[in-house]
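Chains as they are written, first to last, in this note's numbering: chain D, 498 to 727; chain W, 13 to 304.
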């Protein structure tokens, strides 16, 4: 027992600083791998310039290796494309599939920045950047650049479920495409705001949209049927 | 007065053409409902094409009774004026054509009162037609398609309204539509006073509505600034304003209306037009020579 204690004490500084990016990712993955599946309840707020929508009560289902589904419990499900990326497991499923670049630490936050370059030339993801808390082995922020769908950003805020690497709140940002319907289809009523909206729409082309999910509870490793993901 | 009104309403509903309007509305709404029941997902896909690059939205969520009703109203409220004109445009000219106007005017009732009673009867028909439309497009659609949040497609943005926040908007929208249709009835009624046969006022009303609707829908800046604000067809779309909601950082504010003052302004303009048409009709009818 005392031998184990000495080994732990000696190895602790190496854990805290100077870890290789591969080792850091391995530790992060170890934490994430505690979760085989989960069912989470939460509130989803969508902030996209061309949509007004109520705050939705959502249920998020996850199952290893990369199954994820967001269900709106009532109302219209407005799920952004690329929402799969709200689960960090989906961002780096396998170390071997990436070249890993250690960029160092982010000024201010001290988060370790690691870039993942997919080895597969035909992969949809071009580059993923992870911002990792080295002490807690937690991914705090990710940026994923894709070929066709722009860049996704994910910020995670941890609380009750930190031991599993599951966030209490996430903010998912994504590029929005233009939205316009022909007036012949909509027969719009001009309530005096149309001009302003047109100018606003012209200004905000390709702007970022944002989805915030605040989780109230997780049910972890209790099994999620495959039928949920169909 | 009430007896006279009952008589006028009886005359309206004795005519077979009255029921054509109800049949047409029934047919159109049923066709829309059947079409969307079997091919609604494709239609919704087309509507959603503007957002498909950013969001994944299951068409089944959107296709519900409230959305079907919104679709029916968008399609119908442009064309219902024609059906209103069928009756209102015949109210006085029909009597003149049949030669019964002289008998009617010889009754011990003032011409103004007689005309107001006739107009009230056409308003009654108009409201009944709208009520029928509401029953079929809203109630039947809710029963057949169920209810959910309402998706409102607009040219530059989309609004999603919570299920619990929708129904009152329909009551308000039908109320506004009633004002708009009464205005059309007033116009057709006015034309009816000018003519001695029914075809002229009905066709005249329909032509005015077609021309004005085209001008309203055309996106030519010159007309946007000069003519459009004064066209009643621009304001007839005001019912839609009840489905345009306020938003704070993309989140809808329940119970809100984006620009209520604009809707009130449109309603007042429509009431103003209706009053003007009715006044002209009364003024003309009071001095109309019915002996020739």
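Heads up, the beta-carbon is just placed ideally off N, CA and C, and yes, glycines get one too. Please read all numbers here as calculations on a predicted model, not as lab measurements.
Does the beta carbon of residue i come closer than 9 Å to any beta carbon on chain D?
{"i": "residue 63 of chain W", "result": "yes"}
{"i": "residue 17 of chain W", "result": "no"}
{"i": "residue 238 of chain W", "result": "no"}
{"i": "residue 149 of chain W", "result": "no"}
{"i": "residue 278 of chain W", "result": "yes"}
Along the alpha helix (DSSP H) that carries residue i, what are the first and last residues, could you check?
{"i": "residue 124 of chain W", "result": "123–146"}
{"i": "residue 307 of chain W", "result": "The structure shown has nothing for residue 307 of chain W, since chain W only spans 13 to 304."}
{"i": "residue 213 of chain W", "result": "211–229"}
{"i": "residue 723 of chain D", "result": "No alpha helix (DSSP H) contains residue 723 of chain D, which DSSP labels as neither H nor E."}
{"i": "residue 197 of chain W", "result": "179–206"}
{"i": "residue 158 of chain W", "result": "Premise fails: residue 158 of chain W is in no alpha helix (DSSP H) and is neither H nor E."}
{"i": "residue 92 of chain W", "result": "92–100"}
{"i": "residue 233 of chain W", "result": "233–238"}
{"i": "residue 619 of chain D", "result": "Where residue 619 of chain D is concerned, there is no enclosing alpha helix (DSSP H), given that its DSSP letter is neither H nor E."}
Residues of chain W with CB closer than 9 Å to the CB of residue i, please, in chain order.
{"i": "residue 668 of chain D", "result": "Within chain W, no residue comes near residue 668 of chain D; the closest Cβ sits about 12 Å away, beyond 9 Å."}
{"i": "residue 717 of chain D", "result": "Correct list: empty, because the minimum Cβ distance to chain W is about 26 Å."}
{"i": "residue 582 of chain D", "result": "Here the premise fails: no neighbours, minimum Cβ distance about 13 Å."}
{"i": "residue 601 of chain D", "result": "In chain order: nothing, as chain W lies at least about 34 Å away."}
In this structure, what does DSSP give as the bridge partners for residue i?
{"i": "residue 550 of chain D", "result": "W:263"}
{"i": "residue 566 of chain D", "result": "D:558"}
{"i": "residue 544 of chain D", "result": "D:707"}
{"i": "residue 488 of chain D", "result": "Only positions 498 to 727 of chain D appear in this structure, which leaves residue 488 of chain D out of reach."}
{"i": "residue 598 of chain D", "result": "D:612"}
{"i": "residue 536 of chain D", "result": "D:558 and D:716"}
{"i": "residue 274 of chain W", "result": "Its beta-bridge partners do not exist; DSSP assigns none."}
{"i": "residue 645 of chain D", "result": "Answer by DSSP bridge pairing: none, since residue 645 of chain D is not bridged."}
{"i": "residue 577 of chain D", "result": "W:67"}
{"i": "residue 165 of chain W", "result": "W:170"}
List, in chain order, every chain D residue whose beta-carbon is nearer than 8 Å to that of residue i.
{"i": "residue 109 of chain W", "result": "Those within 8 Å of residue 109 of chain W in chain D number zero; the least Cβ separation is about 35 Å."}
{"i": "residue 184 of chain W", "result": "The premise fails here: residue 184 of chain W is roughly 13 Å from chain D at the closest Cβ pair, so nothing lies under 8 Å."}
{"i": "residue 174 of chain W", "result": "551 and 572"}
{"i": "residue 54 of chain W", "result": "Near residue 54 of chain W there are no residues of chain D at all, since even the closest Cβ is about 14 Å away, more than 8 Å."}
From the beta carbon of residue i, is the nearest beta carbon of chain W less than 9 Å away?
{"i": "residue 577 of chain D", "result": "yes"}
{"i": "residue 595 of chain D", "result": "no"}
{"i": "residue 539 of chain D", "result": "no"}
{"i": "residue 505 of chain D", "result": "Residue confidence is low: residue 505 of chain D scores 46 on pLDDT, short of 50, so the model does not pin down where it sits. No coordinate-derived value is stated."}
{"i": "residue 644 of chain D", "result": "no"}
{"i": "residue 509 of chain D", "result": "Legend: pLDDT at residue 509 of chain D = 44, less than 50; position of this residue unreliable, no value from coordinates given."}
{"i": "residue 654 of chain D", "result": "no"}
{"i": "residue 675 of chain D", "result": "yes"}
{"i": "residue 707 of chain D", "result": "yes"}
{"i": "residue 451 of chain D", "result": "What the structure shows of chain D is the stretch from 498 to 727, and residue 451 of chain D is not part of that stretch, so it cannot be assessed."}
{"i": "residue 672 of chain D", "result": "yes"}
Assuming residue i is part of the beta strand (DSSP E), what are its boundary residues?
{"i": "residue 744 of chain D", "result": "Because chain D is modelled from 498 through 727, residue 744 of chain D falls outside the range shown and cannot be assessed."}
{"i": "residue 107 of chain W", "result": "Not the beta strand (DSSP E): residue 107 of chain W falls in the alpha helix (DSSP H), residues 105–110."}
{"i": "residue 613 of chain D", "result": "609–615"}
{"i": "residue 61 of chain W", "result": "No beta strand (DSSP E) contains residue 61 of chain W, which DSSP labels as neither H nor E."}
{"i": "residue 629 of chain D", "result": "622–630"}
If the cut is a Cβ gap below 7 Å, which residues of chain W does residue i touch?
{"i": "residue 574 of chain D", "result": "69, 70 and 73"}
{"i": "residue 689 of chain D", "result": "271 and 274"}
{"i": "residue 686 of chain D", "result": "249, 250, 252 and 253"}
For residue i, return the contacting residues in chain D, with the cut-off set at a CB-CB distance below 9 Å.
{"i": "residue 191 of chain W", "result": "Within 9 Å Cβ-Cβ: nothing; residue 191 of chain W doesn't reach chain D, min ~14 Å."}
{"i": "residue 257 of chain W", "result": "549"}
{"i": "residue 267 of chain W", "result": "Those within 9 Å of residue 267 of chain W in chain D number zero; the least Cβ separation is about 12 Å."}
Could you check how far apart the C-beta atoms of residue i and residue j are, in whole angstroms? I think they sit under 8 Å.
{"i": "residue 545 of chain D", "j": "residue 262 of chain W", "result": "6 Å"}
{"i": "residue 98 of chain W", "j": "residue 32 of chain W", "result": "7 Å"}
{"i": "residue 255 of chain W", "j": "residue 171 of chain W", "result": "7 Å"}
{"i": "residue 66 of chain W", "j": "residue 549 of chain D", "result": "Actually they are not in contact, since the Cβ atoms of residue 66 of chain W and residue 549 of chain D sit about 15 Å apart, beyond 8 Å."}
{"i": "residue 712 of chain D", "j": "residue 665 of chain D", "result": "6 Å"}
{"i": "residue 634 of chain D", "j": "residue 725 of chain D", "result": "Not a contact, Cβ separation roughly 29 Å."}
{"i": "residue 283 of chain W", "j": "residue 178 of chain W", "result": "Residue 283 of chain W to residue 178 of chain W, Cβ: 26 Å. No contact."}
{"i": "residue 82 of chain W", "j": "residue 162 of chain W", "result": "6 Å"}
{"i": "residue 670 of chain D", "j": "residue 705 of chain D", "result": "5 Å"}
{"i": "residue 166 of chain W", "j": "residue 688 of chain D", "result": "At roughly 10 Å, the Cβ-Cβ gap does not stay under 8 Å, so residue 166 of chain W and residue 688 of chain D are not in contact."}
{"i": "residue 209 of chain W", "j": "residue 105 of chain W", "result": "6 Å"}
At 8 Å on the CB atoms, spell out the chain W contacts of residue i, in chain order.
{"i": "residue 544 of chain D", "result": "261, 262 and 263"}
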